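Number of protein chains: 2
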Amino acid sequence: MLSDDKPFSNVTIKDVAKVAGVSHATVSRVINNTTKVADDKRERILDAMDRLGYVPNMQARSLAGGRTKVIGLLVPDIGNGYTGTIIEGIDAELSAHDYDMMLYTTHHRKVKEPIYVQSLTQGMAAGLLLLLPVDPSAYLEGLRRKKFPYVVIDHQGFDNFSSTVGATNRQGVYDGITYLIELGHRRIGFVSGPDMMSCSMERLAGYRAVLNDQGISYDDRLIVPGNHTQLGGYKACVQLLDLEKPPSAIFAANDVSAFGVIDAARARGMHIPDDISIMGFDDIPQAGWMTPALTTVRQPLFAMGRQAAKMLFEFIEEPKGPMRRLQLSTELVIRETCARFKDI
Amino acid sequence: MLSDDKPFSNVTIKDVAKVAGVSHATVSRVINNTTKVADDKRERILDAMDRLGYVPNMQARSLAGGRTKVIGLLVPDIGNGYTGTIIEGIDAELSAHDYDMMLYTTHHRKVKEPIYVQSLTQGMAAGLLLLLPVDPSAYLEGLRRKKFPYVVIDHQGFDNFSSTVGATNRQGVYDGITYLIELGHRRIGFVSGPDMMSCSMERLAGYRAVLNDQGISYDDRLIVPGNHTQLGGYKACVQLLDLEKPPSAIFAANDVSAFGVIDAARARGMHIPDDISIMGFDDIPQAGWMTPALTTVRQPLFAMGRQAAKMLFEFIEEPKGPMRRLQLSTELVIRETCARFKDI
DNA sequence: CTGAAAGCGCTAACAT
DNA sequence: ATGTTAGCGCTTTCAG
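First to last, the protein sequences are chains P and W. Okay, so the first sequence: first residue is 1 according to the working numbering, each after it adds one. Okay, so the second sequence: first residue is 1001 according to the working numbering, each after it adds one.
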């Protein structure tokens, strides 16, 4: 079963010790800088490490209870601009601290989450970054008891004890819909995100709030689920367009589903934005490059990743630090997919 | 799973052994399925693992010489669509095999490469995927001696002993330039990539070959370095446009630098593609979304990632398997940035 | 088949 | 200040 080719003569702390003529514990001391070591010995050790090309064994170190300089990152998927941009932000901060990243993709399978978290917290990682966790309540409790540093990104709803980084979802939608109303739209469709995601709820709340504040009658047939996917957006749009009184504008809870909405509208032969206005949420890179460019509510993805990592480092330094919740501001990015309402 | 067990009390193999009334070695046996174990014991062990919520400790396992189900991935950076798309492909294959990914970003610092590789090969990873390594010759030799499974992505030039996955760089450029020539262009600028990257060399070779084959005179002032960056592309374009006889079309060695070329041309008040034709290479997601959409040579990024992972798994299964070099076909994607040459 | 015992490379007491 | 000694959790002989 086990590879017969396994035995590689990796340089260990003991090899270094032998060459430097000291005990391996002393080598460990200079590596970790834990105790004073005589200058000449330190010198010899450093030299030996260099000559031998010593690279510490992460697993052994972590097993023995040392620091790892690795943070675990749990994401639902990758490749869509959303996750990618956040990872970029995280990576920027991590490399500034000389940390590395262990990436786990759950592919939205919720059963994987607790297992990965458990695995990561067994020593591999010094801290955890959870992006859009599906059902974190189960293991978060355990993390807190362990005082294991973690920060949740873009998911705020499940408890009041976790440090989180997110965006002003409610206000973002509020601003976006306000703009649509200013353009003269009154029947505005809303393609919602997954129910169990707190950001979905917040965005929907923003939609309701602004209609209410503006005294526009609320019609729940105008709210259809889109599940944050392109296909979901497509189907949602079809459903909306099939209404006896279809909306003149559609707000999609994220950019990806907005793309689906656009596809569906076009499939009906509609022209955007002349026949229908469409707005997204996120401002993933694609949003700006497509034609017509997507008007959307910008979520500062890179900054969110970076801030989350920054916050995590604070916890790693000071595990008993106070819980923090950071809400970064969204911003309406007006591009080309929304136009003034014109009655036909 | 019962909730009366305290979560996160780091259940070990010994705890399981105790509960099941066997030795921890036997537990290890059923975990790894390495020897026959009496059915009743196996039953009790499985049950205990489940009840206690046992999750194997990766570090310990790897230290002790076991399999890890992790592959290491070394990338120069992330966030640009190029790396992201390849990672996506890798991830797709990995999760099909139930493997996880340890991601290292070198941020183009070449000194990091050998250290990361060394670290990963010390047991953490079962195999290595190297994306665009800068200077792999040093450590590749060691990997091969250890028979450590690895696959290099998009870098073929450094030796003849490594398994690689790449694209038909030379042919891709050949096709692209041929198209430009068909459009009537005769003076075609070439914004090259980093000298030390083999794909740069291949792409440049394609450029030279087609000019030669078509009997078009070769002018080396038309070749300027762009370094695969947007800024590099910008500067290169400025340089090209400042020529006494500037080109009527510019081929950029990758899409990102093509973006810079476009920026620079526009800064000169030029209109694309009316005043100048521009072509890129890669077809990263942005290329299709921008306006005008970029005509480019498509490199099957997702497939490259996926195939590389697939190939890596073959090596993990069969470490002495033959070296393989896979060249995936590029494809000219005609969009909107190239037009027929018109003399003014 | 299965238990006992020996490490993997490292950190952290515990003695000096 | 530094060597000695225990493990961390696991895999893998080696005896039964």
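We put the beta carbon where it would ideally sit given N, CA and C, even for glycine. Keep in mind that this is a model prediction, so the values were computed, not measured.
Item: Continuous beta strand (DSSP E) stretch holding P:V210: start and end; Value: Unbroken run through P:V210 is the alpha helix (DSSP H), S198 to D213; no beta strand (DSSP E).
Item: Chain P within 8 Å of W:I1272, Cβ atoms only; Value: no
Item: Start and end residues, beta strand (DSSP E) containing W:A1126; Value: From DSSP, W:A1126 is part of no beta strand (DSSP E); its letter is neither H nor E.
Item: Residue burial classification, W:I1013 (beta-carbon count within 10 angstroms, cutoff 16); Value: buried
Item: Cβ of W:G1232 within 8 Å of any chain P Cβ; Value: no
Item: heavy atom of the ligand SAM below 7 Å from P:G166 C-beta; Value: Absent from the structure shown: the ligand SAM. Ligands present: none.
Item: Residues near W:Y1082 by beta carbon distance below 7 Å, same chain, minus five either side; Value: D1282, I1284 and L1301
Item: 8 Å Cβ cut-off: residues of chain W touching P:Q59; Value: M1058, Q1059, A1060, S1062, L1063, Q1122, G1123 and M1124
Item: Distance, W:L1140 Cα to P:R29 Cα; Value: 31 Å
Item: Contact set for W:D1077: own chain, Cβ-Cβ below 7 Å, skip 5 residues either direction; Value: T1083, T1105, H1107 and H1108
Item: Any C-beta of chain P under 8 Å from that of W:V1055; Value: yes
Item: 8 Å Cβ shell around W:L1222 - same chain, five flanking residues per side excluded; Value: R1187, I1188, G1189, F1190, L1240, L1243 and P1247
Item: Neighbourhood of W:E1093 by C-beta distance below 6 Å, restricted to the same chain and skipping five residues each side; Value: R1306, A1309 and K1310
Item: Alpha carbon of P:K147 to alpha carbon of P:L128, nearest angstrom; Value: 12 Å
Item: Beta-carbon proximity check, P:L131 vs P:L74, cutoff 8 Å; Value: yes
Item: Own chain residues within Cβ distance below 6 Å of W:R1348, not counting five before or after; Value: Residue 1348 of chain W lies beyond the range of chain W shown here (1001 to 1344); nothing can be said about it.
Item: Same chain, Cβ closer than 8 Å to W:K1006, neighbours up to 5 away in sequence not counted; Value: Summary for W:K1006: the model assigns pLDDT 37, below 50, so the residue's position carries little reliability, and this model does not support an answer.
Item: Three-state class that DSSP yields for P:F8 in the structure shown; Value: Summary for P:F8: the model assigns pLDDT 42, below 50, so the residue's position carries little reliability, and this model does not support an answer.
Item: Cβ contact (3+ pairs, closer than 8 Å) linking the segment 1168-1187 of chain W and the segment 1109-1120 of chain W; Value: no
Item: Rounded separation between P:S137 and W:E1336 - CA only; Value: 50 Å
Item: Under the three-state DSSP convention, the category W:Y1174 falls into; Value: helix
Item: C-alpha gap between P:L332 and P:A236, whole angstroms; Value: 23 Å
Item: The alpha helix (DSSP H) enclosing W:F1302, as first and last residue numbers; Value: L1301 to E1317
Item: P:P225 - partner residues in DSSP beta bridges; Value: P:S192
Item: Classification of P:P149 by the beta-carbon crowding that lies within 10 angstroms, buried from 16 upward; Value: buried
Item: Of the residues P:N212, P:S257 and P:V238, the one placed nearest P:N227, counting alpha carbons only; Value: P:S257
Item: Proximity test, Cβ basis, 8 Å: P:T295 and chain W; Value: no
Item: Inter-residue CB distance, W:I1250 and W:I1278 (contact presumed, cutoff 8 Å); Value: 5 Å
Item: Residues near W:H1024 in its chain [Cβ-Cβ closer than 6 Å; skip 5 each side]; Value: I1013, K1014 and A1017
Item: Through-space distance from W:D1275 to W:D1213, alpha-carbon basis; Value: 26 Å
Item: Bridge partners - W:S1163, DSSP secondary structure assignment; Value: Bridge partners of W:S1163: none, in fact.
Item: 8 Å Cβ cutoff, W:P1285 in contact with chain P; Value: yes
Item: Spatial neighbours of W:G1065 in its chain, beta-carbon cut-off 8 Å, leaving aside the 5 residues before and after; Value: G1123
Item: Through-space distance from P:S192 to P:T350, alpha-carbon basis; Value: Within the shown structure, residues of chain P are numbered from 1 to 344, placing residue 350 of chain P beyond reach of any answer.
Item: Minimum length 3: unbroken beta strand (DSSP E) runs contained in the segment 1044-1132 of chain W; Value: 1070-1075, 1100-1105 and 1127-1131
Item: P:I153 - partner residues in DSSP beta bridges; Value: P:L131 and P:V165
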